[in-house]
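Trainee: Take this structure first; my questions come after.
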Amino acid sequence: MLINDSPSVEWSKKAYVFNPHARGLVLSEESEENILVNLHGLLGEPDAVQIEIASENLEEGSQFVYDNVAYQVTRTIMEDVEHPLVYVMVLDIFADS
Numbered sequence: 004m005l006i007n008d009s010p011s012v013e014w015s016k017k018a019y020v021f022n023p024h025a026r027g028l029v030l031s032e033e034s035e036e037n038i039l040v041n042l043h044g045l046l047g048e049p050d051a052v053q054i055e056i057a058s059e060n061l062e063e064g065s066q067f068v069y070d071n072v073a074y075q076v077t078r079t080i081m082e083d084v085e086h087p088l089v090y091v092m093v094l095d096i097f098a099d100s
């Protein structure tokens, strides 16, 4: 499923993966595996939030959209933790339509 800029697109609390080859955003549920992570840096959240993201979003530099905000992964820690720690920065904020 491709997501575009259309005002008719319904955004949800699902994570999306940026895929430049698909020229848009793709639902992470279509990926092979989602992983439960502790995500640090979500807009409006002072503490870590535990969510499932696509396994390809564990790589530093990967980008995804969550709750109308585009993020880039800046750091991932997988050693000695129950769930991977993923640190993100905000790239863009999408307007609700």
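So in our numbering, the last one in the sequence shown is 100, and the numbering has no gaps at all.
Glycine is no exception: its CB is placed at the ideal position from the N, C-alpha and C atoms.
All values reported here derive from a predicted model rather than from experimental measurement.
(1) Looking at the strands, I want to know which residues DSSP matches up with Asp-95.
(2) So, with DSSP's three-state summary, where would you put Asn-48?
(3) For Glu-62, tell me which candidate among Val-76, Ile-56, Leu-42 has the shortest Cα-Cα distance.
(4) In this structure, how does DSSP classify Glu-55 when only helix, strand and coil are distinguished?
(5) Considering only residues of the same chain and omitting the five flanking positions on each side of Asp-95, which have a CB-CB separation below 6 Å?
(6) Quick check on this structure: which residue in Met-92, Pro-87, Phe-97 has the alpha carbon closest to the alpha carbon of Gly-44?
(7) Does the beta carbon of Ile-38 come closer than 8 Å to any beta carbon on chain D?
Mentor: From the atom records:
(1) Ala-73
(2) First, the residue type needs correcting, since residue 48 is Glu and not Asn in the sequence shown. In the structure shown, Glu-48 sits in coil (DSSP, three-state: anything other than H, G, I, E or B).
(3) Val-76
(4) strand
(5) Ala-73
(6) Met-92
(7) Of the protein chains in this structure there is only one, and it is not chain D.
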